[in-house]
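A short write-up of the structure that comes next.
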Amino acid sequence: MKDSPDPGFRSGYVSIVGRPNVGKSTLLNSILGEKVAIVTDKPQTTRNRIVGVKTTPSAQIVFIDTPGIHRPMERLGEFMMKEAMDSLKEVDIVLLVVEPRMPRKEEEAITDLLKERKNLTVFLLINKIDTVPKAEILPVIDRYSALHPFNEIIPVSALKGDGLDIVLGKIIEYLPEGPKYYPDDIFTDQLERSMAAEIIREKIMSLTEEEIPYSVAVEVVQWEEKENMVVINANIYVEKESQKGIIIGKRGAMLKAIGIASRREIEDLLNTKVYMDLWVKVKKDWRKKTGTLRELGYR
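Sequential numbering of the sequence shown, starting at 9, is according to my numbering.
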């Protein structure tokens with residue numbers, strides 16, 4: 009429910025877009041000071057739109073973290089692209105996140121898409137500036153300035169927090185006056201159950217290689233809150249029997265490692281003990297099947 013706005017209070021929606029693996033989720037987590045989006049070193053980690061809420065004394069910003077914009081190769085990829093493009097509708101500001109290098113065809117294609125949205129306020133955030141000499145950043149700024157009339161261009165390091173205060177200040181400056189959309193203590197609209205499933209998927213992506221991270225989906229099938237504990241049963245879906253064996257590992261070692269790492273983080277999230285069982289199941293070619301994607305929550 010929207011609160012009545014105080015005079016001068018600002019609010020609005022901000023979409024974070026860019027190629028896969030440029031640091032969009034790290035940016036969101038750093039701005040919020042809370043982990044709402046999973047992060048790995050692998051592209052296409054984010055599959056759904058993630059909402060994060062930042063409330064200050066003078067403003068409330070509703071951020072939408074999106075899957076990386078890429079050429080889809082299967083139904084799941086098409087869903088992820090739709091999530092990213094839909095986020096551009098009816099937002100107040102778009103943050104285009106890029107790396108500190110000259111734009112390639114992918115970045116040029118994204119700026120072309122942004123030009124189609126007339127009167128859209130767009131900030132360019134050049135991320136990972138801690139990885140290159142300062143002298144290399146100015147030519148990148150000049151090249152991007154020629155591609156699109158960005159309202160603001162801000163170099164940042166999402167990992168180290170550099171420049172994020174400037175980003176927040178500029179966002180608030182551009183937002184219209186408006187109400188609070190969420191209570192002050194809310195930092196995401198995700199259910200704890202959904203966040204737990206994402207944490208499990210993050211650990212799988214971090215601990216496995218090659219095609220395995222992209223062939224996995226996680227579904228929490230039981231969530232039972234007891235007096236001093238939460239009981240979780242989750243299914244890990246893969247596309248092939250051979251992938252199932254890799255996830256389980258020799259004598260169950262990989263599945264045990266995934267379970268231990270996941271449980272620790274979920275316990276931190278919930279601030280209570282967690283008992284968790286993980287089951288690995290095969291859903292053949294699930295990424296290519298619209299019906300199966302819907303069953304797993306990809307709508």
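Backbone N, C-alpha and C fix where the C-beta goes; we use that ideal spot for every residue, glycine too.
Contact between residue 47 and residue 195 fails: their C-beta atoms lie close to 16 Å from each other, not under 8 Å. Secondary structure at residue 180: helix, using DSSP grouped into helix, strand and coil. Taking a cut-off of 8 Å for Cβ pairs, the region 159-168 and the region 194-210 do not touch, as fewer than three such pairs fall below it. In the displayed model, residue 151 falls within a helix according to three-state DSSP.
Between the region 287-302 and the region 247-254, the count of Cβ pairs shorter than 8 Å is three or higher; the stretches touch.
Rounded to the nearest angstrom, the Cβ distance from residue 175 to residue 244 is 36 Å, too far for a contact under 8 Å.
Counting along the chain, residue 276 sits inside the alpha helix (DSSP H) bounded by residues 261-278. Three or more Cβ pairs closer than 8 Å define a contact, and the region 252-261 falls short of that threshold against the region 229-242. Between the alpha carbons of residue 129 and residue 239 lies a distance of about 45 Å. Under DSSP, residue 170 shares a beta bridge with 165. Boundaries of the alpha helix (DSSP H) harbouring residue 34: 32-40, taken from the DSSP string. About 18 Å separates the beta carbons of residue 225 and residue 274, which is beyond the 8 Å limit, so they are not a contact pair. Per DSSP, the continuous alpha helix (DSSP H) segment holding residue 250 begins and ends at 249-256. Look at residue 19 here: in three-state DSSP terms it is strand.
In the three-state DSSP reduction, residue 104 falls in the strand class (E or B). In the DSSP assignment, residue 237 falls within the unbroken beta strand (DSSP E) covering 237-246.
The region 172-190 makes no contact with the region 141-155: fewer than 3 CB pairs, one atom from each, lie closer than 8 Å.
Here residue 145 carries a helix assignment [DSSP, helix/strand/coil]. Straight-line spacing of the CA atoms in residue 187 and residue 68 works out to 8 Å.
Residue 119 sits in a helix when the DSSP states are folded into three classes. By the neighbour-count criterion, in which 16 or more other beta carbons inside 10 Å mark a residue as buried, residue 38 falls on the buried side. Distances from the alpha-carbon of residue 116 to those of 155, 209, 206, 66 put 155 closest. The three-state reading of DSSP puts residue 194 in coil, since its state is none of H, G, I, E or B. For the options 125, 56, 184, the alpha carbon positioned closest to that of residue 301 is the one of 56.
In the structure shown, residue 293 adopts coil according to DSSP, grouped into three states. For residue 34, the CB contacts under 7 Å within the same chain, skipping 5 residues up- and downstream, are 47, 166, 167 in chain order. At a Cβ-Cβ threshold of 7 Å, residue 20 and residue 183 count as neighbours. If you draw a 10 Å sphere on the C-beta of residue 152, you find 16 or more other C-beta atoms in it, and that means buried.
The shortest CA-to-CA distance from residue 157 to any of 172, 112, 236, 131 is the one to 131. Taking residue 74 as reference, the option from 104, 25, 141 with the minimal CA-CA separation is 25. In the three-state reduction of the DSSP assignment, residue 215 falls in the helix class. Exposed is the label assigned to residue 64, since fewer than 16 other Cβ atoms lie within 10 Å of its Cβ.
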